[in-house]
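A.B. asks: There's a structure below that I have some questions on.
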Amino acid sequence: MTSATILVVDDEPQIRRVMRTNLTSHGYTVLEARSGEEALEKLRSERPDLVLLDINMPGIGGLEACREIRDLSDVPIVMLTVRNTERDKVRVLDAGADDYVVKPFGMEELL
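Residues 1 to 111 (this note's numbering) make up the sequence shown, in order.
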C-alpha cells in the first residue's frame, strides 16, 4: 500500500523540517516547496494527495497560490497561518482552501 503524499509549502526551512519529520513518522510521504511558484511546479509533476500551504510567503503568496492550485486541481488544500480573524478565514476559504489551521498548532490537530 502506498502512503499518501503531502506537499508542505512554507518559506521557512525549520517549519518544513518539523512538518516533514512529524508527517513521515506517521507514514506519509512528504514533498517540500519554498514558494508558491515551486508549489505549482511540484503540483504539476508530483500529484500530491494534500497540500499544506502557508499564507505568508514571498513571490506568489499563499492566497494566490491557493487560487492557482484550485484552478489546476481538486487536491485538498489546508492553509496554515498565524492570522485568526473571521475576515482572514473567509478570504482563505474563498480562495479555494478546504480548511484553515492557525499557527502554532499541534500535529494531532493537523492530522
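We put the beta carbon where it would ideally sit given N, CA and C, even for glycine.
Measure the Cβ-Cβ separation of Gly59 and Gly36 and say whether it is below 7 Å.
C.D. replies: yes
A.B. asks: Which complete alpha helix (DSSP H) runs does the stretch 32-80 hold, if anything under 4 residues is left out?
C.D. replies: 36-46, 62-72
A.B. asks: For Arg120, which residues of its own chain have a beta-carbon under 7 Å away from its beta-carbon, when the five flanking residues on both sides are left out?
C.D. replies: No statement about residue 120 is possible, as the shown extent of the chain runs from 1 to 111 and does not include it.
A.B. asks: By the DSSP assignment, the beta strand (DSSP E) with Thr5 in it spans what residues?
C.D. replies: 5-9
A.B. asks: Give the DSSP-derived three-state secondary structure of Val30 in the structure shown.
C.D. replies: strand
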